[in-house]
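Participant:
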Ligand code: 0RA
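In the UniProt record's numbering, the protein residues as written are 1 to 695.
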């Protein structure tokens with residue numbers, strides 16, 4: 001690469017051009033550039049900062065074209081004093097020989113004739129196009145000064161321009177080693193709203209371009225004076241700032257860059273690059289734990305925010321390939337529905353880059369690729385390569401399909417939720433579930449909803465309650481106790497639908513806490529393993545779908561007594577062993593006696609209703625203290641249930657915190673999850689505290 005050390009572009013000797021040398025051809029050329037100056041927006045997009053920066057992109061694109069044709073590996077952009085920009089590459093150098101028909105140097109043609117860009121040369125296809133593929137002549141027309149320097153045939157050639165017009169013919173001004181081109185320009189301040197460049201905009205655009213052109217070294221140097229730099233970006237620190245972008249991995253490196261603050265679901269980035277006839281296809285992707293999709297599509301290095309045929313081909317192949325893999329490996333069973341386009345999109349980071357000789361852009365903003373043959377080229381190239389990648393990287397493949405399945409489940413749950421309980425209007429004026437014994441009060445602040453396990457306990461609760469303020473919703477434990485059922489399945493459950501309708505809040509995006517019909521929602525389950533199971537499930541449901549209700553303190557757990565002691569006519573209730581123990585001690589019954597009594601009972605599950613029985617030492621033989629142990633709510637009669645568990649005057653309620661619910665949800669995952677080791681471990685460590693856990 002020619003190393004011409006210059007902090008600002010060099011000017012050649014002044015040598016007035018003889019107007020008479022210009023042919024008729026050149027006059028039309030100059031009229032063409034005049035048209036650009038009259039309607040700059042039509043050629044460069046805008047005269048605002050965007051258009052100004054397009055001037056740079058246009059010049060850099062020409063060097064990228066040279067790089068993509070395989071003739072250049074280094075491009076240097078300099079921001080120089082006095083609003084000069086210079087772009088140097090080590091390509092072949094713009095030809096300087098005289099064009100046979102036009103009788104002027106090819107360099108001059110390129111610089112002064114609209115769209116002369118790819119019209120000559122060796123036919124290597126021109127890649128830049130679309131929005132800023134207008135040609136360097138437009139940059140020339142919109143600049144007060146341009147200096148084009150070419151290193152070619154061991155010579156340094158130069159031509160300078162003022163407002164688009166050459167000052168003199170192209171001429172050799174010295175010797176040169178190697179080949180290359182430098183285009184230096186100064187945007188016309190009378191055309192652009194501002195001619196101050198934004199460093200960050202330049203860095204970000206060029207970083208992207210560097211990713212899209214692997215193997216090209218891009219050097220960007222800020223050599224402006226301090227006054228010219230943006231005041232608010234700590235200008236003094238910017239002095240001498242320089243960046244180098246070189247990405248051997250191309251768009252695969254780009255994927256890593258985009259995902260660097262995300263959580264990738266698999267290690268290897270998928271990458272394919274293939275030339276299909278005249279279309280060059282490049283695709284890279286990696287899934288992350290995100291919910292959004294980050295997809296970037298480019299045609300000839302120009303971004304297509306509205307997608308187009310390349311994106312269509314990509315999407316088709318992605319969905320098809322992931323589904324066929326999941327089926328082949330039995331991850332999707334026969335009865336399972338296919339993964340949808342939406343499912344495979346969640347958490348996807350992907351870049352699709354195609355290069356075609358004649359890109360066609362559609363839509364209002366010209367941001368959608370239209371070439372029809374691109375779809376099939378991307379679809380086959382990408383589909384085949386992804387299939388091979390999945391076979392060769394089973395770990396990655398499993399993680400990808402797993403993530404998509406998860407997305408499918410979540411979407412299914414959301415859909416079911418929307419369709420069943422949740423449609424707007426479905427709840428308003430919708431009849432409350434038949435099982436619900438509602439309270440008569442319509443004031444939510446006074447009202448309570450008891451969720452009761454089982455029909456028999458439900459019956460007692462209905463009879464024992466305060467009808468004015470207490471509503472009862474019995475849930476059938478068996479139905480709820482769906483082993484391994486995930487919440488999405490559970491949401492199809494009629495019992496839970498009834499609960500959601502009864503609460504009145506709706507769920508998901510339709511959730512409205514203001515619609516809550518009861519300010520206290522009380523989970524009342526048996527003090528046994530099944531009860532704990534159902535409680536866990538309900539807490540998980542609240543934690544996952546109604547965290548607002550927990551946060552607002554609306555969710556409670558009823559505390560039925562564990563024991564009762566009948567002493568003559570007196571009835572005492574005990575809600576935990578400690579209090580019972582203390583009471584018994586006071587009565588002169590030691591806990592060892594109690595233990596003996598329990599052993600005598602002879603049933604390790606403690607099923608007996610009238611046990612344990614202990615005799616008071618002092619009152620030996622006189623009176624018998626009858627300790628009753630409650631296992632199920634159904635064992636209490638309505639009066640007892642009211643007295644012990646529902647009467648606001650003496651009941652115990654535990655308000656559920658987010659912490660409690662989160663723990664429950666973890667337990668739920670362990671109990672219901674498909675992963676066996678954690679479930680096994682959980683059961684082993686809790687085996688002593690929970691007997692007869694039916695998992
Ligand atoms: C057409 C033909 C040839 C070179 C280029 C264009 C060229 C253009 C630009 C613009 C910026 N840098 C550039 N480098 C090269 C060369 C044809 C040949 O050598 O046979």
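All C-beta atoms in this analysis are idealised placements derived from N, C-alpha and C, irrespective of residue type, glycine included.
Using the beta-carbon count (16 or more within 10 Å), is residue 568 buried or exposed?
Facilitator: Indexing the chain shown from 1 puts residue 568 at position 568. Exposed, because fewer than 16 other Cβ atoms sit within 10 Å of the Cβ of residue 568.
Participant: Count the other CB atoms, across all protein chains shown, that sit within 10 Å of the CB of residue 48; report buried if there are 16 or more and exposed otherwise.
Facilitator: The sequence position of residue 48 within the chain shown is 48, counting from 1. By the neighbour-count rule (16 or more Cβ atoms within 10 Å), residue 48 is not buried but exposed.
Participant: Would you call the CB atoms of residue 269 and residue 258 closer than 8 Å?
Facilitator: Translated into the one-based positions of the chain shown, residue 269 becomes position 269. Translated into the one-based positions of the chain shown, residue 258 becomes position 258. No. Outside cutoff.
Participant: Let me make sure I understand the geometry here. Which of 207, 508 and 433 has the alpha-carbon closest to that of residue 411?
Facilitator: The residue given as residue 411 occupies position 411 in the chain shown. The shortest C-alpha separation from residue 411 is found at 508.
Participant: Does the beta carbon of residue 89 fall short of 7 Å from some heavy atom of the ligand 0RA?
Facilitator: Reading the chain shown from its first residue, position 89 is the one you call residue 89. In terms of side-chain proximity, the C-beta atom of residue 89 is found nearer than 7 Å to a non-hydrogen atom of the ligand 0RA.
Participant: Reducing DSSP to helix, strand and coil, say where residue 264 ends up.
Facilitator: Position 264 of the chain shown, counted from the start, is the residue given in the question as residue 264. In the three-state reduction of the DSSP assignment, residue 264 falls in the strand class, which pools E and B.
Participant: With the cut-off set at 8 Å, would you say residue 222 and residue 185 are in Cβ contact?
Facilitator: Here the question's residue 222 lines up with position 222 in the chain shown. Here the question's residue 185 lines up with position 185 in the chain shown. No.
Participant: Tell me whether the beta-carbon of residue 646 lies closer than 8 Å to the beta-carbon of residue 461.
Facilitator: Taking the chain shown and counting its residues from 1, the one referred to as residue 646 is at position 646. Taking the chain shown and counting its residues from 1, the one referred to as residue 461 is at position 461. For residue 646 and residue 461, yes; Cβs fall inside 8 Å.
Participant: Would you kindly report the start and end of the unbroken beta strand (DSSP E) that includes residue 451?
Facilitator: Here residue 451 refers to the residue found at position 451 of the chain shown. Its beta strand (DSSP E) spans residues 448 to 453.
Participant: Quick one: what does DSSP say residue 109 is sitting in, helix, strand or coil?
Facilitator: Within the chain shown, the letter at position 109 stands for residue 109. Residue state, collapsed to three classes: helix.
Participant: Take the Cβ of residue 475 as the centre, count every other Cβ of all protein chains shown within 10 Å, and call the residue buried at 16 or more, exposed below.
Facilitator: Taking the first residue of the chain shown as position 1, residue 475 is located at position 475. Its Cβ being crowded by 16 or more others within 10 Å, residue 475 is buried.
Participant: Taking the straight line between their C-alpha atoms, what separation do you get for residue 35 and residue 69?
Facilitator: Taking the first residue of the chain shown as position 1, residue 35 is located at position 35. Taking the first residue of the chain shown as position 1, residue 69 is located at position 69. Going by the C-alpha atoms only, they are around 31 Å apart.
Participant: Measure the C-alpha to C-alpha separation of residue 394 and residue 263 and round it to an integer number of angstroms.
Facilitator: As a position in the chain shown, residue 394 is number 394, starting the count at 1. As a position in the chain shown, residue 263 is number 263, starting the count at 1. Answer to the nearest angstrom: the Cα atoms are 19 Å apart.
Participant: Classify residue 229: buried if its beta carbon has 16 or more other beta carbons within 10 angstroms, exposed otherwise.
Facilitator: On the chain shown, residue 229 is found 229 positions in, with the first residue counted as 1. Counting Cβ neighbours within 10 Å, residue 229 comes out buried, since at least 16 surround it.
Participant: Alpha carbon to alpha carbon, what distance is there between residue 334 and residue 207?
Facilitator: As a position in the chain shown, residue 207 is number 207, starting the count at 1. As a position in the chain shown, residue 334 is number 334, starting the count at 1. One C-alpha to the other measures close to 46 Å.
Participant: Using the Cβ count rule (16 or more neighbours within 10 Å means buried), how would you classify residue 173?
Facilitator: Stepping through the chain shown from its first residue, residue 173 is reached at position 173. So residue 173 ends up on the exposed side.
Participant: At a cut-off of 7 Å, is residue 137 close to the ligand COA when judged by its beta-carbon and the heavy atoms of the ligand?
Facilitator: Absence of the ligand COA is noted for the structure shown, with the ligand 0RA being the only ligands found.
Participant: For residue 296, which residues from the same chain have a beta carbon less than 6 Å from its beta carbon, with the 5 sequence-adjacent residues on both sides left out?
Facilitator: For this step, residue 296 is matched to residue 296 along the chain shown. Closer than 6 Å at Cβ, skipping near neighbours: 351.
Participant: Using only alpha-carbon positions, find the residue among 57, 74 and 220 that is nearest to residue 179.
Facilitator: Translated into the one-based positions of the chain shown, residue 179 becomes position 179. Ranking 57, 74 and 220 by Cα distance to residue 179 puts 74 first.
Participant: Assign residue 530 to one of three DSSP states: helix, strand, or coil.
Facilitator: Taking the chain shown and counting its residues from 1, one reaches residue 530 at position 530. Residue 530: helix per DSSP, three-state reduction.
Participant: Between the C-alpha atoms of residue 426 and residue 656, what's the straight-line distance to the nearest angstrom?
Facilitator: Here residue 426 refers to the residue found at position 426 of the chain shown. Here residue 656 refers to the residue found at position 656 of the chain shown. Per-residue confidence for residue 426 stands at a pLDDT of 45, beneath the threshold of 50, marking its modelled position as unreliable; the derived number appears in the next sentence. Near 29 Å, if we compare the C-alpha coordinates of residue 656 and residue 426.
Participant: Which of helix, strand or coil does DSSP assign to residue 306?
Facilitator: Here residue 306 corresponds to residue number 306 of the chain shown, with the count starting at 1. Here residue 306 sits in coil by DSSP.
Participant: Does the segment 272 to 282 come into contact with the segment 326 to 342, if we say contact requires no fewer than three beta-carbon pairs (one atom in each stretch) closer than 8 Å?
Facilitator: no
Participant: Using the rule of at least 16 other Cβ atoms within 10 Å of the residue's Cβ for burial, across every protein chain shown, is residue 455 buried or exposed?
Facilitator: Reading the chain shown from its first residue, position 455 is the one you call residue 455. Label assigned to residue 455: exposed.
Participant: If you compare alpha carbons, which of 447, 312, 43 and 63 is closest to residue 516?
Facilitator: Locating residue 516 in the chain shown gives position 516, where the first residue counts as 1. Answer by Cα proximity: 447.
Participant: My parser needs the alpha helix (DSSP H) runs of 4 or more residues fully inside the segment 193 to 226; what are they?
Facilitator: 199 to 212
Participant: So does residue 93 have its beta carbon nearer than 7 Å to some heavy atom of the ligand 0RA?
Facilitator: For the purposes of this step, residue 93 is taken as the residue at position 93 of the chain shown. Answer for residue 93: yes, Cβ within range of the ligand 0RA.
Participant: Under 7 Å Cβ to Cβ from residue 638, same chain only, skipping five residues before and after it: list those, please.
Facilitator: Along the chain shown, read from residue 1 onward, the residue named residue 638 stands at position 638. Cβ within range, chain order: 460, 463 and 464.
Participant: Residue 365: beta carbon under 7 Å from a heavy atom of the ligand 0RA?
Facilitator: Start at 1 with the first residue of the chain shown, and residue 365 comes out as number 365. No, the ligand 0RA has no heavy atom inside 7 Å of this Cβ.
Participant: Buried or exposed for residue 92, going by 16 or more other Cβ atoms inside 10 Å?
Facilitator: Sequence index remark: in the chain shown, residue 92 carries index 92 (1-based). Label assigned to residue 92: buried.
Participant: Residue 150 and residue 98 look like a contact to me (Cβ under 8 Å); what is the Cβ gap, rounded to whole Å?
Facilitator: The residue given as residue 150 occupies position 150 in the chain shown. The residue given as residue 98 occupies position 98 in the chain shown. With a Cβ gap of about 14 Å, residue 150 and residue 98 do not count as contacting.
Participant: Would you report the Cα separation of residue 292 and residue 345, rounded to the nearest angstrom?
Facilitator: Position 292 of the chain shown, counted from the first residue, corresponds to residue 292. Position 345 of the chain shown, counted from the first residue, corresponds to residue 345. Between residue 292 and residue 345, the C-alpha separation is close to 8 Å.
Participant: Straight-line CA distance for residue 217 to residue 76?
Facilitator: Position 217 of the chain shown holds residue 217. Position 76 of the chain shown holds residue 76. In a straight line, the C-alpha of residue 217 is about 8 Å away from that of residue 76.
Participant: Taking residue 137 and residue 114 to be in contact with their CB atoms under 8 Å, please state how far apart those CB atoms are, rounded to whole angstroms.
Facilitator: Taking the first residue of the chain shown as position 1, residue 137 is located at position 137. Taking the first residue of the chain shown as position 1, residue 114 is located at position 114. Contact holds; Cβ gap of about 6 Å.
Participant: Please indicate yes or no: does the CB of residue 696 lie closer than 7 Å to some heavy atom of the ligand 0RA?
Facilitator: The structure shown does not extend to residue 696, since the chain is modelled only from 1 to 695, so the question has no answer here.
Participant: Check whether chain D comes within 8 Å of residue 507, counting only Cβ atoms and requiring the distance to be less than that.
Facilitator: Looking for chain D here will not work: only one protein chain is present.
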